[in-house]
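Peer 1: The structure follows.
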Amino acid sequence: MRLRILYKLSMVVLVTASILIGAFYPNTKALSVEAARIPGNNQKADLVIKNGHILTMNAKKDAFVKGTVVIKDKKIIAIGDENLEKQYKASKVINANGNIVMPGMINTHNHVPMVAFRSIGEEGVGNRLFDVFFPLEGKLLSRDLIYKASIHGVIEMAMGGVTTYADMYYHEDEVAKATEKIGIRGVLGETVISFPTVDAPEPYGGLKYAEDFIKQYKNHELITPSVVAHAPYTVSPEMIKASKDLAKKYQVPFAIHAAEFADEAQRVETKFGQKYPSVIKYLDSLGILDENTMLAHAIHIDDEDINIIKQRGATIAHNPIANTKGATGVAPAIKIDKAGIKMGLGTDGPMSSNTMDVFGTAGYAARIHKLVNKDQSVMPPSKVVELATIGGAKALGLDKKIGSLEVGKYADIIIVDTHAPNTFPTFDPYATLTYAAGPQNVIDVIVNGKLIVENKKLKTYDYKKDLKDMEGIYKQVAEVEKTLPYHQQKPTSE
1 MRLRILYKLS
11 MVVLVTASIL
21 IGAFYPNTKA
31 LSVEAARIPG
41 NNQKADLVIK
51 NGHILTMNAK
61 KDAFVKGTVV
71 IKDKKIIAIG
81 DENLEKQYKA
91 SKVINANGNI
101 VMPGMINTHN
111 HVPMVAFRSI
121 GEEGVGNRLF
131 DVFFPLEGKL
141 LSRDLIYKAS
151 IHGVIEMAMG
161 GVTTYADMYY
171 HEDEVAKATE
181 KIGIRGVLGE
191 TVISFPTVDA
201 PEPYGGLKYA
211 EDFIKQYKNH
221 ELITPSVVAH
231 APYTVSPEMI
241 KASKDLAKKY
251 QVPFAIHAAE
261 FADEAQRVET
271 KFGQKYPSVI
281 KYLDSLGILD
291 ENTMLAHAIH
301 IDDEDINIIK
311 QRGATIAHNP
321 IANTKGATGV
331 APAIKIDKAG
341 IKMGLGTDGP
351 MSSNTMDVFG
361 TAGYAARIHK
371 LVNKDQSVMP
381 PSKVVELATI
391 GGAKALGLDK
401 KIGSLEVGKY
411 ADIIIVDTHA
421 PNTFPTFDPY
431 ATLTYAAGPQ
441 NVIDVIVNGK
451 LIVENKKLKT
461 YDYKKDLKDM
471 EGIYKQVAEV
481 EKTLPYHQQK
491 PTSE
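According to the UniProt record's numbering, the residues represented by the sequence shown are 1 to 494, in order.
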């Protein structure tokens, strides 16, 4: 009886303390509800992160200046202040030393094997897609190259704080193997396209490959299979619908490049005889826009297009660095966000943006939209970090599982150094993450409750082996690149 009374009194004290502290620090909790409910000490846990500046990225953007995260069986089971640690006996304890503890970054659009071609065709090439990308792929792609390049690219992302990424390419099962090997999450889709490819000798052969891939990975804990139609101008209307039907059949995500180029509607009319005022209206006529469809880029869209996307519930992968580097334009991200459309950040392939750095992408997004809108108040740091985490999870349909630090979600967590020369002092953690921090500041990475990067060292793969493999690929690519016709073209003026 006495213990019960004492417990109730302690509950009152804890809740009252939380309310009082919350009054002075509205976005900082003194103790989480989850922690306050737990009586007793020495409960078992797999991992405890203590003494961290925790950014939960939940709906209220709650934070803990000296916080604790408790992980068991791959999931977060409690979040609270420094007192929470005392209630658990963990197999491993990480002292965050006041550094930022936050959800892992989410890259919503990538072609990771193209890291093998990074920095090629950068000098005065008018159309890199058709003059460089496609010729290189036609001559070089193989299972071996795709796997080894994917290992390298996924290592880059993992060590840079990316815990989930979306990818579309060929031999996507090799990309999946590499992703699983390194230990991060992937939403991976085999590309359906109108011409023969390395893994589909007949046009649109990717559709059959995609179905086999889905069957292989449908219930995988790290890999979410998806279906990808390459673009409205490279896939016929019938095959776009067939691709979407396949995604519906297996209840997996569907993605397509859309409105990346200003002339896409004209390309569709020329190639397929479909005349529409915009490519979004064309895709809507096919009935493929819904909450399970993600549009990569969505640059050249007007208010009517935005309203269509909103009404259908489709989501958007925003790739600001690749889009500006490719001179394709800047997506109206402020209008998209105000419309309530789910949107995440993407790097695009490492041959398009030359990077898979979501920190850099976030910082660039903040800057470019302030410039384009001539308004310093738009795209503030907290919004950009939201897009890089829970926003990306929402765009990929994974927000019930990941994207924020909340009890019941999988433990996909990164710790970011705020004591490095480029991140100290940190008065506003969101500003530090947006404008100062980079992949080099990621100390630890946890995915699915497993520590895969510890003290800036990858634990799941031998990086020296990766470099040796990439050196062999580099020599092969360099020889083929010399034979491409664009070398005979006159460089365009800058």
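Quick reminder that beta carbons are idealized off the backbone N, C-alpha and C, glycines included. Please read all numbers here as calculations on a predicted model, not as lab measurements.
1) State the CB to CB distance for the pair G160 and D357, rounded to an integer number of angstroms; the pair is presumed to be in contact (CB under 8 angstroms).
2) In whole angstroms, what separates the C-alpha of P26 from that of D62?
3) For K75, which residues in the same chain have their Cβ closer than 7 angstroms to its Cβ, ignoring the five residues on either side in sequence?
4) Excluding five sequence neighbours on each side, which residues of the same chain lie with their C-beta closer than 8 angstroms to the C-beta of K218?
5) Terminal residues of the continuous beta strand (DSSP E) containing G186?
6) Given a cut-off of 7 angstroms, decide if I193 and T234 are closer than it, judged by their beta-carbon atoms.
7) Using the Cβ count rule (16 or more neighbours within 10 Å means buried), how would you classify P277?
8) Candidates T423, H152, S352 and S119: which alpha carbon is nearest A478's?
9) Just to confirm the assignment, what range does the alpha helix (DSSP H) spanning I280 have?
10) If you draw a straight line from the alpha carbon of A59 to that of S243, how long is it in whole angstroms?
11) Determine the closest residue to N441 out of A158, I341 and N354, with distance taken between C-alpha atoms.
12) Kindly indicate the opening and closing residues of the alpha helix (DSSP H) around P320.
13) For the putative contact between I321 and G104, defined by C-beta atoms under 8 angstroms, what is the C-beta separation to the nearest angstrom?
14) Under DSSP, the alpha helix (DSSP H) around M157 begins and ends at which residues?
15) Please confirm whether V115 and P350 have their CB atoms less than 7 angstroms apart.
16) On a Cα-Cα basis, can you pick out the residue from Q216, M294, V175 and G186 that is closest to H230?
17) Roughly how many angstroms separate the alpha carbons of D46 and Y88, rounded to a whole number?
18) Quick one: give me the first and last residue of the beta strand (DSSP E) that M105 is part of.
19) Looking at C-alpha atoms only, which residue of L246, A393, M102 and P196 is the closest neighbour of A166?
20) Helix, strand or coil: how does DSSP classify F64 here?
21) Kindly indicate which residue of N455, I49, I54 and V48 has the alpha-carbon position closest to the one of S404.
22) Which whole-angstrom value describes the C-beta separation of T56 and I71, a residue pair presumed to lie in contact below a C-beta threshold of 8 angstroms?
23) Give the single residue among I77, N41 and G124 whose Cα lies nearest to the Cα of A327.
24) Between V162, V65 and L145, which lies nearest to G360 when the distance is taken from Cα to Cα?
25) Taking 7 angstroms as the limit between beta carbons, can you name the residues of its chain near V279, skipping five residues before and five after?
26) Considering only the beta carbon of each residue, do N110 and T347 sit closer than 7 angstroms?
27) How far does the beta strand (DSSP E) with V228 in it reach, from first residue to last?
28) With contact counted as at least three CB pairs below 8 angstroms, one residue from each stretch, are the region 415-434 and the region 142-156 in contact?
29) Which term fits T483, buried or exposed, when burial requires 16 or more other beta carbons within 10 angstroms of its beta carbon?
30) Can you tell me whether DSSP reads K44 as helix, strand or coil?
31) What's the gap between the Cα of I112 and the Cα of N41?
32) Who does I446 pair with in a DSSP beta bridge?
33) Who are the Cβ neighbours of S236 in its own chain at under 7 angstroms, not counting the five residues just before and after it?
34) Quick check: what's the CA-CA separation for P380 versus A366?
35) Tell me whether Y463 is buried or exposed, calling it buried when 16 or more other Cβ atoms sit within 10 Å of its Cβ.
36) In the structure shown, what three-state DSSP assignment does L371 receive?
Peer 2: So, from the listed chains and residues:
1) G160 to D357, Cβ: 6 angstroms. Contact.
2) The predicted model places P26 with a pLDDT of 41, which falls under 50 and marks its position as unreliable, so this point remains unresolved.
3) Cβ neighbours of K75 beyond the five flanking positions: G408, K409, Y410, A411 and G449.
4) Within the same chain, Cβ atoms closer than 8 angstroms to the Cβ of K218 are found at P225, Y250 and V252, the five residues on either side in sequence being excluded.
5) According to the DSSP assignment, G186 belongs to the beta strand (DSSP E) that extends over R185 to V192.
6) Going by C-beta atoms, T234 is nearer than 7 angstroms to I193.
7) Looking at its Cβ environment, which holds fewer than 16 other Cβ atoms inside 10 Å, P277 is exposed.
8) Nearest option by C-alpha distance: S119.
9) Per DSSP, I280 belongs to the alpha helix (DSSP H) from V279 to S285.
10) Each residue's Cα considered, the two are about 34 angstroms apart.
11) The closest CA to that of N441, considering only A158, I341 and N354, is found on A158.
12) Per DSSP, P320 belongs to the alpha helix (DSSP H) from P320 to K325.
13) At roughly 20 angstroms, the Cβ-Cβ gap does not stay under 8 angstroms, so I321 and G104 are not in contact.
14) Counting along the chain, the unbroken alpha helix (DSSP H) around M157 starts and ends at R143 to M159.
15) Against a cut-off of 7 angstroms, the Cβ pair of P350 and V115 comes out as a contact.
16) It is M294 whose Cα lies nearest to the Cα of H230.
17) Rounded to whole angstroms, D46 to Y88 spans 10 angstroms at the Cα level.
18) Where M105 is concerned, the enclosing beta strand (DSSP E) stretches over M105 to N107.
19) Of the residues L246, A393, M102 and P196, the one whose Cα lies closest to the Cα of A166 is A393.
20) Correct three-state label for F64: strand.
21) Comparing alpha-carbon positions, the option among N455, I49, I54 and V48 lying closest to S404 turns out to be I54.
22) Taking 8 angstroms as the upper bound for CB-CB distance, T56 and I71 are not in contact here, some 14 angstroms apart.
23) Of I77, N41 and G124, the residue nearest in Cα terms is G124.
24) For G360, the nearest C-alpha among the options comes from V162.
25) Excluding residues within five positions, the ones whose Cβ falls inside 7 angstroms are P232, A258, A259, E264, A265 and V268.
26) Yes, they are a contact pair.
27) Unbroken beta strand (DSSP E) run through V228: I223 to A229.
28) No, the region 415-434 is not in contact with the region 142-156.
29) T483 is exposed by the Cβ-count criterion.
30) Strand at K44.
31) The question names Ile, yet the displayed sequence has Val at residue 112. Distance between V112 and N41, taken at the CA atoms: about 45 angstroms.
32) Per DSSP, I413 and L451.
33) Apart from the 5 residues on each side of it in sequence, S236 sits with its Cβ closer than 7 angstroms to the Cβ of S194 and F272 in its chain, given in chain order.
34) The straight-line gap separating the alpha-carbon atoms of P380 and A366 is approximately 7 angstroms.
35) By the Cβ neighbour-count rule, Y463 is exposed, with fewer than 16 other Cβ atoms within 10 Å of its own.
36) Helix.
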